[in-house]
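K.L.:
Mind looking over this structure? Questions follow.
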Amino acid sequence: MSHVIASPLPINDPALSIEHRVEAGDLLISYLAQIGVEYVFGVPGGAIEPLYNALARSARQGGPRAVVARHETGAAFMADGYARETGALGVCCGTTGPGTTNLITGVASAYHNSIPMLVISAQTALPTFGRAAAQESSCTGADTLAMFAQCTHYNTLVSHIDQFEHKLAGAILTAWNSRGPAHLSIPLDILRAPAPVPRPSFDLSVLLRTASLSDATAIEQLVNHVALSKRLVLLVGAGCGEAVGAILQFAELADAQVVAAPHAKGLVSAYHPRFHGVFGFAGHASAYALLADASVDLVLAVGTVLGEVDTAGWDVGTLLNNKLIHIDDNDAHFTRSPMARLHVKGRISTVFEQMTAVWRKHLPAGSGHGTAARTAA
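So in my numbering, the last spot in the sequence shown is 406, and the numbers never skip.
Listed below in structure tokens is the structure:
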């Protein structure tokens with residue numbers, strides 16, 4: 030996570046006047062501040078106005094602030110990019126009706142690419158449900174909750190202020206742990222209602238930590254495969270952001286060449302001496318030629334969904350064959366590599382740090398692959 034920002038309002042101050050009471054929107058922003066979120070991307074509208082009022086109050090205190098997009102689809106993609114670049118949760122919002130439906134394309138993209146994102150959509154006030162309110166998008170209108178069901182990991186309507194804090198915490202934790210979008214649909218009257226508590230009841234900053242998990246047995250097997258290989262290639266996927274340093278360090282030790290999946294373009298410098306470009310959709314001939322080379326006998330695909338884009342149209346000659354070992358922290362990605370020699374699950378940075386430690390322990394510098402490397406595991 031990025032650095033933690035102070036709570037945007039002195040929300041535990043009993044001297045706050047009724048004009049500055051803590052609303053649900055203020056509590057929401059306080060949770061975002063707690064976990065290091067700096068920006069909320071969206072487009073203002075009538076039903077989402079209380080959230081923008083809370084963001085304005087927050088901005089004056091140096092906390093999270095609004096970034097206004099030209100269109101809600103752009104706001105969702107901005108939140109996606111923010112999450113990729115900072116490692117923090119991406120947050121976007123839209124007003125009821127078309128403001129919410131406009132978010133869907135960007136949210137679906139984040140769902141497909143496993144980007145943690147909190148999506149806040151507004152609804153008309155609860156008493157107006159079923160009365161054909163302007164831009165009504167409740168279950169009795171154009172049901173936006175149903176629309177988001179297929180592209181989120183958590184999707185709920187906050188129908189009472191006492192649900193608000195627990196559902197907000199659930200959405201944040203789900204977005205982070207599932208690495209995908211979570212959607213809260215909040216009616217106007219709930220957003221502007223007095224918050225049930227003056228400050229966050231839960232410290233989510235302690236809970237949103239990526240566990241450094243790894244499988245010691247699988248890592249031993251992995252190092253043994255690498256040690257016995259004659260020519261190794263590492264395919265760096267979009268999930269390798271924090272681990273690129275550890276991956277490149279191991280590439281040096283193991284004398285491996287490196288290519289990147291399309292969504293990982295930019296993670297490895299184009300000038301790195303071991304980098305051969307992007308493999309997959311709109312990739313480079315140099316990367317394809319490397320993986321097609323008959324001398325390559327082992328490919329480590331790391332942090333990639335192994336879909337059509339990352340595999341040059343599911344190419345079995347270059348990637349999806351028994352040369353493959355798949356390394357990831359997402360179980361769902363392994364369903365696309367049943368042809369792999371080995372699946373290694375764990376936090377990618379931890380996997381490569383442990384591989385490096387095992388390699389250095391068992392292999393003297395410069396020993397390379399082959400018979401001398403057989404003791405690596």
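Beta carbons are placed, not taken as given, at the ideal position from N, Cα and C, and that holds for glycine.
Starting from S87 and walking both ways along the alpha helix (DSSP H), at which residues does that stretch end?
P.N.:
One-based indexing of the sequence shown puts residue 87 at position 58. Where S87 is concerned, the enclosing alpha helix (DSSP H) stretches over 78-89.
K.L.:
For M176, which beta-bridge partners are listed by DSSP?
P.N.:
For the purposes of this step, residue 176 is identified with residue 147 of the sequence shown, where counting begins at 1. None; M176 has no bridge partner.
K.L.:
In this structure, does DSSP put S230 in helix, strand or coil?
P.N.:
Taking the first residue of the sequence shown as position 1, residue 230 is located at position 201. Here S230 sits in coil by DSSP.
K.L.:
Pull up the distance between the alpha-carbon of F177 and that of T134, whole angstroms please.
P.N.:
In the sequence shown, residue 177 corresponds to position 148, counting from 1. In the sequence shown, residue 134 corresponds to position 105, counting from 1. Taking the straight line joining both Cα atoms gives about 10 Å.
K.L.:
Taking 7 Å as the limit between beta carbons, can you name the residues of its chain near P291, skipping five residues before and five after?
P.N.:
Position 262 of the sequence shown, counted from the start, is the residue given in the question as residue 291. The answer, listed in chain order, is V307, G309, F310, A311, G312, V338, D339.
K.L.:
Ignore the nearest five residues each way along the sequence and tell me which others in S188's own chain have a CB closer than 8 Å to its CB.
P.N.:
Stepping through the sequence shown from its first residue, residue 188 is reached at position 159. The residues are L155, P216, I219.
K.L.:
Check Y300 in the structure and name its three-state DSSP category.
P.N.:
As a first step, residue 300 is located in the sequence shown; it is residue number 271 there, counting from the start. Reduced to three states, the DSSP call for Y300 is coil.
K.L.:
On a CA-only basis, which of A293, L320, L319 is nearest T333? Give me that one, please.
P.N.:
Indexing the sequence shown from 1 puts residue 333 at position 304. Put simply, of A293, L320, L319 the residue whose alpha carbon is nearest the alpha carbon of T333 is A293.
K.L.:
Where R376 and L296 are concerned, what is the direct C-alpha to C-alpha distance, given to the nearest angstrom?
P.N.:
In the sequence shown, residue 376 corresponds to position 347, counting from 1. In the sequence shown, residue 296 corresponds to position 267, counting from 1. In a straight line, the C-alpha of R376 is about 17 Å away from that of L296.
K.L.:
Looking at the structure shown, is M146 part of a helix, part of a strand, or coil, going by DSSP?
P.N.:
Within the sequence shown, numbered from 1, the residue matching residue 146 stands at position 117. In the structure shown, M146 sits in a strand (DSSP, three-state: E or B).
K.L.:
In the DSSP output, which residue or residues are listed as bridge partners for I356?
P.N.:
Locating residue 356 in the sequence shown gives position 327, counting from the first residue. BP columns for I356 point to V331, V373.
K.L.:
Strictly by DSSP, which residues pair up with E52?
P.N.:
Start at 1 with the first residue of the sequence shown, and residue 52 comes out as number 23. Per DSSP, the beta bridge partners of E52 are P223.
K.L.:
Along the chain, where does the alpha helix (DSSP H) containing F310 start, and where does it finish?
P.N.:
What you label residue 310 is simply residue 281 of the sequence shown in a count that begins at 1. Run containing F310: none; DSSP gives neither H nor E here.
K.L.:
What residue from T129, G199, A139 has the CA that sits closest to A175's CA?
P.N.:
As a first step, residue 175 must be located in the sequence shown, where it is residue number 146. Here the closest residue by C-alpha is T129.
K.L.:
Taking C-beta to C-beta, are V331 and P210 nearer than 7 Å?
P.N.:
If you number the sequence shown from 1, residue 331 lands on position 302. If you number the sequence shown from 1, residue 210 lands on position 181. No; because the gap between Cβ atoms is not below 7 Å, this pair is not in contact.
K.L.:
Can you check whether the CB of V373 is closer than 7 Å to the CB of V325?
P.N.:
Taking the sequence shown and counting its residues from 1, the one referred to as residue 325 is at position 296. Taking the sequence shown and counting its residues from 1, the one referred to as residue 373 is at position 344. Contact: no.
K.L.:
Do you know how far the Cα of S143 is from the Cα of T347?
P.N.:
As a first step, residue 347 is located in the sequence shown; it is residue number 318 there, counting from the start. As a first step, residue 143 is located in the sequence shown; it is residue number 114 there, counting from the start. Their backbone Cα atoms lie some 25 Å apart in a straight line.
K.L.:
Put A151 into one of helix, strand or coil per three-state DSSP.
P.N.:
Reading the sequence shown from its first residue, position 122 is the one you call residue 151. In the structure shown, A151 sits in a strand (DSSP, three-state: E or B).
K.L.:
Per DSSP, what are the beta-bridge partners of H195 in this structure?
P.N.:
Locating residue 195 in the sequence shown gives position 166, where the first residue counts as 1. Beta-bridge pairing links H195 to no other residue.
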